[in-house]
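Read the structure below first, then the notes.
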Amino acid sequence: MNRRMILRMIGLALLMEAGLMLLPFVAGLCYRERPLAFLVTAGLAGLTGFCLTRLKVKTNTIYARDGFVAVTLIWVVFSAFGALPFVFSGEIPFYVDAFFETMSGFTTTGASILNNIEGLSHACLFWRSFTHWIGGMGVLVFMMAILPLSGEHSMHIMRAEVPGPVVGKLVPRAGDTAKILYMLYTGLTVAETAFLMFGGMSFFDALLHAFGTAGTGGFSTRNNSIAAFQSDYIEMVISSFLVLFAMNFNLFYFIVKGKIKTALQSEELHWYVAIILLATGAIAAGIYSLYGTLGETLKNAFFNVMTIMSTAGFCTVDYTEWPQYIQVLLVILMFIGGCAGSTGGGLKLSRVILLIKTSGADVKRTISPRCVKRVRMDGKCVPDNVLTTVGTFFFLYLFLLLGCTLVASFDGFDFTTSFTAALSCISNVGPGLSHVGPSYNFADFSTLSKVVMSVTMLAGRLEIYPLLILFMPKK
């Protein structure tokens, strides 16, 4: 293992984080605050990062194991330093709470321990939402977009960090792929900010909610989340952009390159649109009597389908007061999550499709043993090793989900609370049901539960394998 290169990458990440912390510092100055906590943290991160980058390395090559370990450690260190401004400012004085909030931000989970969000300074509000934007596409992918990293083996980094069962390059160099992804990501963020400002939001609120939408994280500047703005226009803008950010970003690249037909032929996209339409219709049928008008019913149904399926977790209503079957449907959407290659969490729709198709093929082989049934995706045969990996990932996902549920249950909450809190963390959703529903938060969980949930968030965001490889002995 190239330990010195990994430490040097951690140093580069800390230098980058130190630079990024100057943005909330400036935001605080603009609102006549004294955000010295960010300046102090930036100094500590910068000094630590500088020392690590002075390490001499024999080779810049990063192999698969090195890439997975580097990604995991950088996310942990990034969150560890990212939590310090909350502690130094006294706005989240308990470090475990600050770490939970920061990890929730970087992993785009959106679970919070804060009871009074509006009591935070503008600097902390900015940093809290900005963590969504940084983590949405990936810390290392962001580094690759602005720094030359790891030569020809940099693809190992993208495979460790970009969500989905298969990661490919849009162009021959992985660094150029990262630049293209961030150009698309930034362009959509700017566009949403403009649309939200047109709807009456201030620039600060519009930008921070665009950060939360882009990363599908869901942190808001208001205690009542999106409901505080009481605007149908704002709700529709956010839900529409959630549709885009939960799609595979490769499709946007094809569209920009004029390959619209190729993008529209995506099988995952067809499933994605079908699930959105069916879920919206099913929920609308159950809540029509609560809202009376078709427009209001469809708006609330569509917004909550998108905020849950995209794993953003923004709130406009308390869906725990809706009929029971709708709550079960929303839990299913939490499992599914967004598309591969999106900023959404969950199992990823492509994996769900492959699991369904593999199950169907196995049933047919059981009935007709001589039948040769290959699983296809987008008209191409899926290699057996990919199907095996998807099945293994599903098992590990359920194993971690149940383990986190067990730990959460020690705090004395009911099963629905413990289970959906764990599901919310591993799927990076944010809100769950019962005592972690839209009207509550994670503040009442024990320190142990918050630490375990923080690890679960990271496992969900990095899709389990990088975290496991960190603890695997080298042969």
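Under the numbering used here, the first residue of the sequence shown carries the number 9, and numbering increases by one thereafter.
Note that beta-carbon positions come from the ideal geometry of N, C-alpha and C, so glycine has one too.
Distance, GLY349 Cα to ILE268 Cα: 18 Å
Pairwise C-alpha distance: ALA430 and ASP419: 13 Å
Cβ-Cβ distance between LEU250 and THR224 below 9 Å: yes
Cut-off 8 Å between Cβ atoms - residues of its own chain near VAL245, not counting five sequence neighbours on either side: GLU200, PHE203, LEU204, GLY207
Same chain, Cβ closer than 7 Å to ALA467, five either side skipped, listed in chain order: LEU408, ILE434, LEU475
Counted within 10 angstroms of its Cβ, other Cβ atoms place LEU456 as buried (16 or more) or exposed: exposed
Start-to-end residues for the alpha helix (DSSP H) that takes in ASN393: 392-417
Simplified DSSP state of LYS381, which is helix, strand or coil: coil
Candidates LEU363, TRP330, ARG62, VAL463: closest to ILE344 by CA position: LEU363
Segment contact flag, the stretch 186-199 with the stretch 284-297, C-beta cutoff 8 Å, min 3 pairs: no
Reduced DSSP category for CYS389 - H, G, I as helix; E, B as strand; rest coil: strand
Anticipated Cβ contact below 8 Å, GLY220 with SER137, distance rounded: 6 Å
C-beta atoms of GLY438 and SER432 nearer than 9 Å: yes
Residues near LYS381 in its chain [Cβ-Cβ closer than 7 Å; skip 5 each side]: ALA369, LYS372, ARG373
Enclosing alpha helix (DSSP H) for THR366 [first to last residue]: 357-375
Short Cβ contact (9 Å threshold) for PHE321 with GLY226: The residue asked about is misnamed: residue 321 is Gly in this sequence, not Phe. It is a contact, given that the beta carbons lie within the stated cut-off.
Closest residue to TYR190 among GLY445, VAL394, ILE142, PHE311 (Cα-Cα distance): ILE142
Closest residue to ALA355 among CYS323, SER247, ARG469 (Cα-Cα distance): Checking the sequence, you will find Leu at residue 355 rather than Ala. Ranking the options by Cα distance to LEU355, first place goes to ARG469.
Residue burial classification, ALA451 (beta-carbon count within 10 angstroms, cutoff 16): exposed
Check whether ALA53 and PHE89 have beta carbons under 9 Å apart: yes
Rounded straight-line distance, which links the Cα of ALA72 to that of ARG238: Looking at the sequence shown, residue 238 is not Arg but Gln. Roughly 48 Å between the two C-alpha positions.
Test item: CB-CB of LEU23 and THR61 under 9 Å: yes
Coil, strand or helix - TYR296 by DSSP: helix
Close beta carbons around VAL415, own chain, < 7 Å, minus the five adjacent residues each side: LEU456, SER457, VAL460
Nearest-angstrom beta carbon gap, VAL313 and ILE284 [assumed within contact, 8 Å]: 6 Å
Alpha-carbon to alpha-carbon, THR319 and LEU272: 23 Å
ARG12 vs LYS66 beta-carbon contact at 9 Å: yes
Per-residue DSSP class, three states only, for TYR333: helix
Whole alpha helix (DSSP H) elements within the stretch 42-89, 4-residue minimum: 44-61
4-residue-minimum alpha helix (DSSP H) runs that sit fully inside the stretch 214-288, ordered along the chain: 240-253, 257-264, 268-272
Where ARG359 falls, given that 16 or more other Cβ within 10 Å makes a residue buried: buried
Reference ALA57, options VAL34, ILE18, VAL48, closest by Cα: Per the sequence shown, the amino acid found at residue 57 is Gly instead of Ala. Nearest C-alpha to GLY57: ILE18.
SER447 - DSSP class collapsed to helix/strand/coil: coil
Start-to-end residues for the alpha helix (DSSP H) that takes in ASP105: 103-114
Residue from CYS347, GLY127, GLY144 with nearest C-alpha to ASN256: CYS347
Rounded straight-line distance, which links the Cα of TYR333 to that of ARG378: 41 Å
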